Each structure stands twice: as C-alpha cells, then as structure tokens.
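Some notes on the structure that comes next.
Numbering (the numbering used here), first residue to last: 255 to 646.
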C-alpha cells in the first residue's frame with residue numbers, strides 16, 4: 255500500500271499536482287483583501303486624480319517574470335501565446351484581487367478555486383490539490399513600509415508581467431522587441447526590487463548600441479547612455495559593447511555635447527547628453543561632455559540626475575498623456591507634481607494606446623474592444639515610472 259501511495263504521489267508530482275492542506279482563500283478573505291485594495295486605490299486617486307477610462311474587460315494576467323503568459327477571463331485560464339484554454343470551470347462568481355495576484359472562484363457546484371501567483375510560481379488550488387501551471391523564481395516585495403503598498407504590488411505585477419524570454423518589453427502582447435529607452439527605466443525598477451536576474455542575460459548579450467526600432471531604422475543618440483546604464487547594472491567597462499558606444503558617441507559629438515535623433519525623429523541634445531553622462535558615471539568612465547543650456551522637451555524625463563540642467567518650457571500635452579502616460583509620470587517625478595493619469599479600472603492600472611505599427615490585433619484573444627480602440631492593457635514603462643516615484 256505504501257508503495258502504491260508513493261507511486262500515485264510521484265505521478266501527481268510529474269503532472270504538476272501536489273496535495274494542498276487547505277484552500278488559500280475563503281470568499282470573505284478574498285473580499286476583505288479586495289476591499290483593502292479598493293480603499294487604498296481610492297486614497298491614491300485623491301492624490302493623483304487624472305484618469306483614463308479603459309474598456310470594461312474583466313481579466314487578469316498571470317506569468318510574471320520569465321514564466322509563460324496566461325490570463326483568466328470568464329471561467330477560463332487561457333495561454334496568451336497560442337490561445338489554448340489551460341483550465342475551465344463553471345463559475346458562479348469570480349473575485350479578481352490584483353494586489354494579491356489572485357483570482358478567487360466560487361463554482362456552481364459549491365466548490366471554491368484559487369488561482370494565485372507568488373514568488374515561486376503560478377498555482378491553481380482546487381479539491382485540496384495544488385496544480386502547478388508554471389514555476390520559476392521572482393522577487394515580490396510587499397512594500398508594507400510604503401504609503402500605498404497594495405497599489406505598488408499591482409504596479410509591480412504590471413511591470414513583471416511584461417518580461418518576456420528575458421527581455422524587458424513595454425507590453426508583452428503588442429511588442430516583439432525592447433526599446434532601449436523604456437528598457438533602461440524598466441531596468442531601474444527591476445534593480446530596485448531585486449529582479450535584475452530576470453533580464454541579466456539579455457543585457458549582457460547586447461551587441462549593438464542602437465535598437466533601431468523606429469520606422470526609418472535610424473540610430474537614436476539617447477540609446478548610447480541607456481545601453482551604458484543597463485550594462486553597468488550587470489557588467490563592467492570590459493564588456494565589448496562599451497568601446498563601441500564610446501566610438502559612436504564621438505560621431506554624435508557637436509562640440510562638447512551629443513545630438514541626434516530620438517524616437518520622435520527630432521533632436522533632443524539635452525536629453526541625449528544627460529543619458530550619456532549618466533551612463534558614463536554609472537560605468538565609472540571619463541566624462542568629457544557638458545549639457546547644453548537650451549530648452550529640450552525631453553529634458554525633464556531625466557528626473558534622477560542633472561535636475562539643475564533644465565531650461566523651462568512646455569510640458570507634455572494632454573493627448574500624449576492619455577495615450578503614453580509614462581512621459582507625464584516622469585515629469586511628475588521631475589517637477590514634484592501630480593498630473594500623471596491612472597486607469598479608472600481596478601485592473602490594469604497602466605496602458606498604452608494609439609502607437610503606430612503595434613500589433614493590436616493580438617489583443618483580440620483578451621477582448622475585441624481593446625483591438626478596436628487600440629489600447630494595450632498594462633505598460634511596463636509607465637508601471638516602472640510610477641513605482642520608482644512611489645518608492646521614494
């Protein structure tokens with residue numbers, strides 16, 4: 255009998271099924287956790303009142319870090335990569351608790367099911383069994399010493415959910431490649447939460463100073479400092495890409511500062527030179543550059559250094575703020591203001607919309623309205639900007 259039980263236990267383990275002593279959440283416990291999040295989110299909105307209405311699509315992503323991406327909606331867990339239904343239930347009610355990375359289900363037959371993600375993996379708790387959907391380590395701080403811990407936990411989720419195969423994407427559904435300008439900010443946030451190992455191999459494997467993701471394939475001058483900074487987090491000045499970056503910087507030199515195109519195809523010499531100087535400093539390399547004294551609409555996006563090197567001018571306009579909110583949150587950090595918008599939904603809190611040449615059609619598996627309105631739910635760049643601001 256003991257051998258039989260051992261055999262069954264071993265087979266269950268191979269199938270990703272373990273015995274669980276108890277259900278993680280009762281309905282009342284899940285409701286209490288959701289209420290705590292809602293109350294905190296209400297307080298956060300009082301301080302940050304700008305918002306954007308997103309489609310009323312009730313779903314929740316699972317797959318933080320380099321785990322396979324999936325989502326819960328309408329009684330199903332669905333794989334994002336191939337649209338395969340992983341598990342299905344007849345649901346009486348569902349509670350999505352973003353801050354706990356949890357979906358709690360009350361089934362029509364009276365049973366309860368928990369789907370939850372934690373530092374070790376993604377699990378389904380059903381019939382006193384723990385079913386493993388994916389496992390790999392990540393770090394999930396509670397942020398319990400901060401003013402808005404549950405909001406921070408949700409933002410951290412929206413950051414980590416967009417790490418795909420070791421690459422820091424803005425959004426894992428509509429982007430296929432990282433942009434260095436967003437990847438650098440995401441790297442800052444990952445460093446802050448001790449999750450650099452998730453992207454370390456990708457950073458170390460970089461072999462070009464430019465992502466050339468813009469439509470024309472131009473080299474963007476700000477990429478030089480962004481790549482230098484990312485390399486400084488996981489490598490040193492001996493990395494073979496460092497010498498290439500220094501050579502390319504000479505090609506953009508305009509007499510003591512650098513100037514070239516950025517993603518909008520416009521020159522941003524202040525922004526570009528600030529990034530280069532920061533990358534040189536973090537890599538502990540000599541710095542011969544001086545920040546030019548002129549207005550640059552991107553200058554205030556560098557909020558963590560060179561604050562005095564700013565010439566006053568217009569800030570980000572409202573239309574850009576509603577479609578690409580990461581820019582306004584960076585300005586909020588720089589100017590110590592509260593203009594950055596947040597989603598009017600409980601989840602997701604971040605988004606990006608109306609960006610050219612993104613594959614919005616891939617969002618149809620989640621909700622067709624997202625495709626029609628060209629809105630990508632979750633934005634790792636915005637999440638990183640918000641998280642870095644709130645952690646101060």
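Virtual Cβ for every residue (Gly too), placed ideally from N, Cα, C. The structure displayed is predicted, hence computed values, not measured ones.
- The beta carbon of residue 311 sits closer than 7 Å to those of 620, 621, 623 and 624, all from its chain and outside the five residues before and after it, given in chain order.
- Residue burial annotation: residue 565 is exposed, with fewer than 16 other C-beta atoms found within 10 angstroms of its C-beta.
- Bounds of any alpha helix (DSSP H) do not take in residue 569, whose DSSP letter is neither H nor E.
- In the DSSP assignment, residue 367 falls within the unbroken beta strand (DSSP E) covering 366–371.
- When beta bridges are read from the DSSP output, residue 358 appears opposite 349 and 368.
- C-alpha of residue 487 to C-alpha of residue 597: approximately 31 Å in a straight line.
- Taking 8 Å as the upper bound for CB-CB distance, residue 345 and residue 319 are not in contact here, some 27 Å apart.
- By the neighbour-count criterion, in which 16 or more other beta carbons inside 10 Å mark a residue as buried, residue 324 falls on the buried side.
- One alpha carbon belongs to residue 571, the other to residue 356, and they sit about 36 Å apart.
- The C-beta of residue 483 has 16 or more other C-beta atoms within 10 Å across all chains shown, which makes the residue buried.
- Taking the Cβ atoms as the reference, residue 415 lies roughly 6 Å from residue 317, within the contact range of under 8 Å.
- In the structure shown, residue 603 falls within a coil segment according to DSSP collapsed to helix, strand and coil.
- Excluding residues up to 5 positions away in sequence, 424, 436, 439, 440 and 580 lie with their Cβ nearer than 7 Å to the Cβ of residue 635 in the same chain.
- With fewer than 16 other CB atoms across the displayed protein chains lying within 10 angstroms of its CB, residue 430 is exposed.
- Under DSSP, residue 466 takes part in no beta bridge, so it has no partner.
- In this structure, DSSP gives residue 324 an extended state, which the three-state scheme calls strand.
- Around the CB of residue 399, fewer than 16 other CB atoms lie within 10 Å, so the residue is classed as exposed.
- By the CB criterion at 8 Å, residue 555 and residue 584 fall inside the cutoff.
- Under DSSP, the beta-bridge partners assigned to residue 474 are 515.
- By the criterion of at least three beta-carbon pairs nearer than 8 Å, the segment 392–406 is in contact with the segment 282–296.
- Beta-bridge partners of residue 284 (DSSP): none assigned.
- Taking the Cβ atoms as the reference, residue 498 lies roughly 25 Å from residue 451, outside the contact range of under 8 Å.
- Taken atom to atom, the span from the alpha-carbon of residue 633 to that of residue 515 is near 24 Å.
- Close CB contacts of residue 612 within its chain, under the 6 Å cut and outside five residues either way in sequence, are with 428 (chain order).
- Of the candidates 309, 527 and 369, 309 places its Cα closest to the Cα of residue 630.
- Straight-line spacing of the CA atoms in residue 343 and residue 359 works out to 9 Å.
- By the Cβ rule, the segment 545–561 counts as touching the segment 526–533, because three or more pairs are nearer than 8 Å.
- If you ignore the 5 residues before and after residue 547, its C-beta comes within less than 7 Å of the C-beta of 565, all in its own chain and listed in chain order.
- Residue 491 is a Cβ neighbour of residue 539, given a cutoff of 8 Å.
- Per DSSP, reduced to three states, the secondary structure at residue 608 is coil, with no helix or strand assignment.
- Taking the Cα of residue 532 as reference, the smallest distance to any Cα among 551, 505 and 563 is reached at 563.
- Each residue's CA atom was taken as its position, placing residue 341 and residue 332 some 7 Å apart.
- Between the beta-carbon of residue 642 and that of residue 519 there is about 27 Å, and that puts the pair past the 8 Å contact cut.
- Taking the Cα positions, residue 299 is about 10 Å away from residue 592.
- Between residue 502 and residue 534, the C-beta spacing is not below 8 Å.
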